[in-house]
Amino acid sequence: MSVLAPLYLLGLAAISLPLVFHLIRRTPRGEMLFSSLMFLQPSPPRVTKRSRIDNLLLLLLRALAITLLAIAFARPLFRQAALVQPDDVGRQRVAVLVDTSASMRRGNLWQQAVAAVDDTLAEYRPQDRFAVYAFDETLRPVASHHDLAGLEASRRRPAVNGMLKQMQPTWAGTHLGQALADALASLEDMHDTDGEEVAAPRRIVLITDLQSGSRLDALAAYEWPEDASLELIPLTLDEPTNAGLELLGQQATATTIEQARDQRLRVRVTNAAGSKLEDYRLRWQTPDGDSLGNPIDVHAPPGESRVVRISPPKASGPNPQLVLTGDAFDFDNTVYYLPPSRDQVRVVCLGEDDPTDADAMAYYLDRAIQSDASRTAEVVHVKPGAQAVIDSDPPHLVVVTAPPSQSQIAELRQFAQRGGLLLYVVTGDEDAEPLATLLDQDQVEVTSVDPDDYAMLGEIDFDHPLFAAMAGPQFNNFTQILFWKYRQLDEAALDEAKVIARFDSGAPAILQRSTGTGELLVMTAGWNPGDSQLARSWKFPLMISSLIESHRRDTTFSPSYQVNQRVPLPQGIELPANPVVTKPNGDEIPLAGDDTVIQGVDTPGVYRLATVDGSEEFAVHLDSTESDTAPLPQEALEQAGVRLSAEFDVAAETAKMQQTRDVELESRQKIWKWLVALAIVTLIVESLLAGWLSRPAEQPLAAT
Numbered sequence: 001m002s003v004l005a006p007l008y009l010l011g012l013a014a015i016s017l018p019l020v021f022h023l024i025r026r027t028p029r030g031e032m033l034f035s036s037l038m039f040l041q042p043s044p045p046r047v048t049k050r051s052r053i054d055n056l057l058l059l060l061l062r063a064l065a066i067t068l069l070a071i072a073f074a075r076p077l078f079r080q081a082a083l084v085q086p087d088d089v090g091r092q093r094v095a096v097l098v099d100t101s102a103s104m105r106r107g108n109l110w111q112q113a114v115a116a117v118d119d120t121l122a123e124y125r126p127q128d129r130f131a132v133y134a135f136d137e138t139l140r141p142v143a144s145h146h147d148l149a150g151l152e153a154s155r156r157r158p159a160v161n162g163m164l165k166q167m168q169p170t171w172a173g174t175h176l177g178q179a180l181a182d183a184l185a186s187l188e189d190m191h192d193t194d195g196e197e198v199a200a201p202r203r204i205v206l207i208t209d210l211q212s213g214s215r216l217d218a219l220a221a222y223e224w225p226e227d228a229s230l231e232l233i234p235l236t237l238d239e240p241t242n243a244g245l246e247l248l249g250q251q252a253t254a255t256t257i258e259q260a261r262d263q264r265l266r267v268r269v270t271n272a273a274g275s276k277l278e279d280y281r282l283r284w285q286t287p288d289g290d291s292l293g294n295p296i297d298v299h300a301p302p303g304e305s306r307v308v309r310i311s312p313p314k315a316s317g318p319n320p321q322l323v324l325t326g327d328a329f330d331f332d333n334t335v336y337y338l339p340p341s342r343d344q345v346r347v348v349c350l351g352e353d354d355p356t357d358a359d360a361m362a363y364y365l366d367r368a369i370q371s372d373a374s375r376t377a378e379v380v381h382v383k384p385g386a387q388a389v390i391d392s393d394p395p396h397l398v399v400v401t402a403p404p405s406q407s408q409i410a411e412l413r414q415f416a417q418r419g420g421l422l423l424y425v426v427t428g429d430e431d432a433e434p435l436a437t438l439l440d441q442d443q444v445e446v447t448s449v450d451p452d453d454y455a456m457l458g459e460i461d462f463d464h465p466l467f468a469a470m471a472g473p474q475f476n477n478f479t480q481i482l483f484w485k486y487r488q489l490d491e492a493a494l495d496e497a498k499v500i501a502r503f504d505s506g507a508p509a510i511l512q513r514s515t516g517t518g519e520l521l522v523m524t525a526g527w528n529p530g531d532s533q534l535a536r537s538w539k540f541p542l543m544i545s546s547l548i549e550s551h552r553r554d555t556t557f558s559p560s561y562q563v564n565q566r567v568p569l570p571q572g573i574e575l576p577a578n579p580v581v582t583k584p585n586g587d588e589i590p591l592a593g594d595d596t597v598i599q600g601v602d603t604p605g606v607y608r609l610a611t612v613d614g615s616e617e618f619a620v621h622l623d624s625t626e627s628d629t630a631p632l633p634q635e636a637l638e639q640a641g642v643r644l645s646a647e648f649d650v651a652a653e654t655a656k657m658q659q660t661r662d663v664e665l666e667s668r669q670k671i672w673k674w675l676v677a678l679a680i681v682t683l684i685v686e687s688l689l690a691g692w693l694s695r696p697a698e699q700p701l702a703a704t
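In this note's numbering, the protein residues as written are 1 to 704.
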C-alpha cells in the first residue's frame, strides 16, 4: 500500500490528544469565599493524577476515527504492479543543435560545444530517438536519427563525438529562429526504422554561445508546438571583450578614378557590451601581414560603435587589408579592400553634326555622356558614308542623327539584331527609306510638322527605361519642355512598334521596336535647340544614361558581398571554357556554362574569377551581427514563444511517471471514500457509546 500525500499522515499525531487530555493533572483553580463557611474547619480537596484510563473503548474509537481520517487525506492506493523503472519512461524525440556560426570561433567555445554534446547524449537511453544538427544560417545534419538508429547504443556517442571533432565553426551568421523551426519540423517527420511514426514529446537541446547577434525573426510567424520544449545549454568565456570591424562604403563624390582612389573609406568599429577594452587601433597591411603606413587610434566604449574615415594606402600592392588590433578575438577584425575599377561606356554618333556646334545634337550628346569615378565614357563620331560604323568592340549605344548610307544601314540592322541598342532621330523626309529598312517595312511615310506655337509631350510610358528614373511625382512633369517641330509617322503602318511617348496632338514622339535580340528606338523630334528644349533640360542626360544602363552589361562585381551570399555574375563577363572561381585559401569553385550566380563563397577574403580578358575580383566579408557577442537574455526566447525546460533527468522523469501512475490508480480505487465513511461510522458509534456511559445512575426511591 502507498499514499499520494504522505504529509497528511502527520495527522496521526492527533491520536495522542485524547489520551493527553485524559491524563492531564486537574488542579482546582481560583477560590471563592462564602460568609456562611467562616465558622467551619477548612478541608482542602484531595488532588489526584488521572493515571488511570476510565473508558478505554471510547479512547480507542476516537483514535481510530482520527487514524482513518488521516489515512483518507493521505489518499492511499494499492499498487497493482512493480515500481516504474528508468527504462519504463516514455521515449523522446530529441534534436541536439550545435552552433557553428562565426562567433563560435572565439576562444575554446567549440571545444566546450563538443564536450556539451557528449554529456548530453550520455543522458539519453537507447529507446530515445535523437539526432544531432549543426546550424548557422542553415540547419545541417551531423548525425540523423536514421544514422544513429542503425548503430548499437554503445557506439552512438563515440560516432557523434568523432564527427564533431572533425568539424570547425563556419564564417556564417546565426539564424537561430529558423534553425529551431527547421529542427522541430525534422522531429515531426521522425519515423522508426520500420517506417512507423514516432509518437513522443519533442525536445530540442540548444548548445550555443547565445550571442545578441542571433536572429530570431523567423519565430515571429511561428507558433511553438504544445508538445515541444527547449533545453538551453549556454557556452561562456572568461574574456567578454570583442570588437568588430565593418566596411560601410566609400563616398560617391569623386569624378575621376584618381579621386576615388584617394577618397577615405567609412568603416564602423563596434565594441560588444561587457567588453573590458575600449581603445583599439586601425592599420593597413598586405595580405602577408606587412604593415602599410601608421595606425589610427579608435576609442569605442563597450556597447557602442564609432564610424571612422580612413584613407586607402597610397602604394599598397594588390588587395590591401584594413585590420583592427587590440581585440581579444580577431575573427571579425579584417576588411578586404579592392580599389575601385571603372566600366567602359562607348557610344557611336552617326551624323553630320559638328560636336563643337552648340546648335547641333552631337554637342549635347557629348555633354550628356560624361566620365566619372565609376565609368569611362567615350563618344565616337562617324560621318554618313564612312566605311564602318561599328568596329570589333560593339558600342553600348548607336545614335543616328542623319540618314546613313546603304552599307551603314545594313551594318546598323545587323548590330540591332545581335542585341545592340539603336536610337534613330528622324530629321526629315530623307529618313523614310532608312527607317523602312530598319523597321522591316515596305515603306514609311515621314511628314514634317510645324505647330502654330509649340508641342508638348502629352502621354508618356514611365515603365520604359527611358523614363523610369523620372516616374516619381516630383520628376514626371514634362510640360516645361517645348517642341518647335517634329516629324509625323504613319502609326497604322508600324503595327509592331510600341509608342513610348506621344505629343499632345496624339502623334508619336518616341517609338520602340524589337529587332532580333536588340532594340530600335525612333525619336520624331531632335533635342537640338532648333527642334526642342529637351537638350537644355536636366532630364535629357538622365534619359540617355538610363537608356544606356538598361542595355549595358556589367563587367565588374560589387565591391563587397557577405559570406554565403549568392554572387550574381556580371552579364558582360566573357568566361573561358571551364571557368573557376579561386577562393582566398586557394580552393576552386567550378562554374557551369549556364550559371548566373556564384555559390559557395563561405570564407571572408578576396575571390578571383578567371575570364577571357584576365580576371575579375570581389571581396566577401563577415556578417556584421556576429560581432555582437554580448549574451542574449533568455527572456528574448520566451518572448518569441519558445517554451524553455530544465535539463533532462532520467531519475526525475521516472519519479514523475511513477507519480502519474499512482494518481491514476488512486483515482480508480477511491479508497479514501471508504475510509471517510468508516470514520463517520466510528464517530457515530463513539457518540452513542459515550452517551450511554455518561447517563446518570438510577437512585432507589426512599420508603415512606
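Where is the CB? At the ideal position from N, CA and C, for every residue including glycine.
Values in this document were obtained by computation on a predicted structure and should not be read as measured data.
Item to check | Beta-ladder partner(s) of residue 118, from DSSP | outcome: DSSP lists no partner for residue 118.
Item to check | Cα-Cα separation, residue 472 to residue 463 | outcome: 11 Å
Next on the checklist: Tell me which residues share the same chain as residue 566 and place their Cβ nearer than 8 Å to its Cβ, disregarding the 5 neighbours each side in the sequence.
Outcome noted: Answer for residue 566: 597, 598 and 599, listed in chain order.
Checklist entry - Are residue 626 and residue 332 touching if we call contact CB-CB under 7 Å? => result yes
Next on the checklist: By DSSP's criteria, residue 578 is part of a beta bridge. Which residues make up the other side?
Outcome noted: None; residue 578 has no bridge partner.
Checklist entry - Where do the N-terminal and C-terminal ends of the beta strand (DSSP E) with residue 610 fall, by residue? => result 605 to 611
Item to check | Exposed unless 16 or more other CB atoms sit within 10 angstroms - verdict on residue 193 | outcome: The pLDDT assigned to residue 193 is 49, lower than 50, so where the model puts this residue is not dependable; a value taken from the coordinates is nonetheless given after this. Residue 193 is exposed by the Cβ-count criterion.
Next on the checklist: According to DSSP, is residue 419 part of a helix, a strand, or is it coil?
Outcome noted: coil
Next on the checklist: The beta strand (DSSP E) that contains residue 284, what's its start and end?
Outcome noted: Residue 284: member of the beta strand (DSSP E) spanning 279 to 285, first to last residue.
Checklist entry - Going straight from the alpha carbon of residue 501 to that of residue 509, what length do you get? => result 5 Å
Next on the checklist: Using only CA atoms, which one of 428, 430, 427 and 385 lies nearest to residue 412?
Outcome noted: 385
Checklist entry - How about residue 143: is its Cβ closer than 6 Å to a heavy atom in the ligand PLP? => result Of ligands this structure carries none, so the ligand PLP is not represented either.
Next on the checklist: I need the DSSP call for residue 498, collapsed to helix, strand or coil.
Outcome noted: strand
Checklist entry - Do the CB positions of residue 335 and residue 322 come within less than 7 Å of each other? => result Taking 7 Å as the Cβ cut-off, residue 335 and residue 322 qualify as a contacting pair.
Checklist entry - Ends of the alpha helix (DSSP H) at residue 161? => result 153 to 165
Item to check | Nonlocal neighbours in the same chain, by C-beta distance under 7 Å from residue 690, ignoring five residues either side | outcome: Here the set comprises 58.
Item to check | Between the CA atoms of residue 583 and residue 367 - distance to the nearest angstrom | outcome: 42 Å
Item to check | Limits of the unbroken beta strand (DSSP E) element including residue 131 | outcome: 129 to 135
Item to check | Under 7 Å between C-beta atoms of residue 381 and residue 349 | outcome: yes
Checklist entry - Straight-line CA distance for residue 305 to residue 279? => result 12 Å
Item to check | Own chain residues within Cβ distance below 6 Å of residue 553, not counting five before or after | outcome: 571 and 572
Checklist entry - Does the separation of the CB atoms of residue 171 and residue 102 fall below 7 Å? => result yes
Checklist entry - My guess is that residue 183 and residue 218 are in contact by the Cβ rule of under 8 Å, so how many angstroms apart are they, rounded? => result In fact, because the Cβ distance is near 12 Å, the residues do not count as touching under 8 Å.
Item to check | Collapsed DSSP secondary structure at residue 554 in the structure displayed | outcome: Assigned with DSSP and collapsed to three states, residue 554 falls in coil, not helix or strand.
Next on the checklist: Are the CB atoms of residue 403 and residue 434 within a distance shorter than 7 Å?
Outcome noted: yes
Checklist entry - Helix, strand or coil: which one does DSSP assign to residue 368? => result helix
Checklist entry - Which residues share a DSSP beta bridge with residue 299? => result 279
Next on the checklist: Taking its Cβ as the centre, do 16 or more other Cβ atoms sit within 10 Å of residue 187, making it buried, or is it exposed?
Outcome noted: buried
Checklist entry - Using a beta-carbon distance below 7 Å, is residue 497 in contact with chain C? => result This model lacks chain C altogether, as it is built from one protein chain only.
Next on the checklist: Out of 550, 594 and 536, which one is the CA nearest neighbour of residue 568?
Outcome noted: For residue 568, the nearest C-alpha among the options comes from 594.
Checklist entry - For residue 504 versus residue 562, is the C-beta spacing smaller than 7 Å? => result no
Checklist entry - Looking at the structure shown, is residue 685 part of a helix, part of a strand, or coil, going by DSSP? => result Secondary structure at residue 685: helix, using DSSP grouped into helix, strand and coil.
Checklist entry - For the stretch 544 to 553 against the stretch 428 to 448, are there 3 or more C-beta pairs whose distance is under 8 Å? => result no
Next on the checklist: Output needed for residue 421: all residues of its chain with C-beta closer than 6 Å, excluding positions within five of it in sequence on either side, in chain order.
Outcome noted: 397, 519 and 551
Checklist entry - How is residue 145 classed by DSSP in three states: helix, strand or coil? => result helix
Next on the checklist: Using 7 Å as the threshold, is the C-beta distance between residue 498 and residue 480 below it?
Outcome noted: no
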